[in-house]
Structures are given as structure tokens and as C-alpha cells.
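Engineer: Residue numbers (the UniProt record's numbering): 1 to 168.
Quick one: the structure is below, and I'll ask about it shortly.
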Amino acid sequence: DTLLEAIKILPNNVIQGEIVPLAVSRAQLVKPVPIRVSSCKLLGELAAKYDAQTLKKDLMPTIISLCQDVSGEVRAEMAKQLVKIAPKLGPELIKSNITQPLIELSSDDTPLVKENTFITVVETLPYFTPDSLKLTISPLLKQMIVLAFKMDDSLLVTISKLFGKMCL
1 DTLLEAIKIL
11 PNNVIQGEIV
21 PLAVSRAQLV
31 KPVPIRVSSC
41 KLLGELAAKY
51 DAQTLKKDLM
61 PTIISLCQDV
71 SGEVRAEMAK
81 QLVKIAPKLG
91 PELIKSNITQ
101 PLIELSSDDT
111 PLVKENTFIT
121 VVETLPYFTP
131 DSLKLTISPL
141 LKQMIVLAFK
151 MDDSLLVTIS
161 KLFGKMCL
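Next up, the structure:
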């Protein structure tokens, strides 16, 4: 937790030389789940320090890998961190880098992954292009809501909390 707070004030050379390699190494599949979860949190904080192109080049491969992790706990945390990452990418890079992982995470078997994905999609609505909203994101939200009603899913509570944001 201290490192997460320190990222905000560390100089860029320290972040590039020390923190990014640490976050990437902690994301390795051979590391225990809590270590990979901490990598997700680090990546979420690191996103604030990067411009869109550098973020795409340096961190997105690791971020996407964590979105596809074998552990539901890791996928859930990475879904949560995408809220911090998406605004830094901008609409076009979101479309090419974040949309597909969100689609995959939305149909995850782990309820917490679906819940965090739904929250992320709703919270990042302002950052998508109008075409992405119309053609991809709105149908995705609709599909998640319909499935939640059919499955009597715990996601319904989250949907009800965020319904107003979806309508705006």
C-alpha cells in the first residue's frame, strides 16, 4: 500500500527503472495469486504517470495478460483497475486495447469479475467513441443485464446501483 501511494510522488526515472519492472515481474503466472493481484494494483497506479502511447507500449501487454489470468481473483482486480487505465488511453486506444478484454471479462464465470467489469464499463462510458458506445458497449451492457436477470445473478445489485449512470 505504501508503494501505491509513493508512485504518485516518485520521479519518472525511478518509476521506469524500478517500479515498472517490479510490476511486470509480479504479473508472471508463476507468482502466487496475491503477488499478481498486487501487480494489478501497481499497474492501475502506474497508468496515471504515463501518456497514452507509452502506456500502450510499456504496460498494455501485461495488463491484457492479467485480464486473461487463470485466477478469478486476479482477473477481478485487473477489471477494477481498468477504470484508472482507460481514461489515460483516450477513445481510440480504448477501442483497440480495452474493449476486447472487457468483452471477455463480462462473460467470466467468476461473479466478482463480472461485477467489477460491469462497474468499469459504466464508469468508463464517457471515454468511448460514440461508435464504440453504439456498436459494442451498449449491446455489451444489455447482454450483461439480460443474463443477470436470467441467472438471478448477484450482479443485479450492482446494476441497480449504477443504473442512473448508464442512463445519462
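Backbone N, C-alpha and C define an ideal beta-carbon position, used for all residues, glycine too.
Predicted model, so just to flag it, every value in this text is computed and none were measured.
Taking just the CA atoms, how far does leucine 59 sit from proline 139?
Structural biologist: Each residue's alpha carbon lies about 28 Å from the other.
Engineer: Start and end of the alpha helix (DSSP H) containing phenylalanine 149?
Structural biologist: Its alpha helix (DSSP H) spans residues 138 to 151.
Engineer: Rounded to the nearest angstrom, how far is the Cβ of threonine 120 from that of alanine 79, given a contact under 8 Å?
Structural biologist: With 8 Å as the limit, threonine 120 and alanine 79 qualify as a contact, their Cβ atoms being about 6 Å apart.
Engineer: How is aspartate 58 classed by DSSP in three states: helix, strand or coil?
Structural biologist: Correct three-state label for aspartate 58: helix.
Engineer: With a CB to CB cut of under 7 Å and the five nearest residues on each side skipped, what residues in its chain are close to glutamine 81?
Structural biologist: Excluding sequence neighbours, glutamine 81 sits near Cys40, Lys41, Leu43 and Gly44.
Engineer: Distance, Cα to Cα, valine 83 vs glutamate 104?
Structural biologist: C-alpha separation (whole angstroms): 16 Å.
Engineer: How far does the alpha helix (DSSP H) with isoleucine 103 in it extend, from its first residue to its last?
Structural biologist: Per DSSP, isoleucine 103 belongs to the alpha helix (DSSP H) from 99 to 106.
Engineer: Terminal residues of the continuous alpha helix (DSSP H) containing lysine 8?
Structural biologist: Per DSSP, lysine 8 belongs to no alpha helix (DSSP H) and is neither H nor E.
Engineer: Taking the straight line between their C-alpha atoms, what separation do you get for isoleucine 159 and lysine 57?
Structural biologist: Answer to the nearest angstrom: the Cα atoms are 33 Å apart.
Engineer: For isoleucine 7 and glutamate 123, what's the separation of their Cα atoms in angstroms?
Structural biologist: Between isoleucine 7 and glutamate 123, the C-alpha separation is close to 23 Å.
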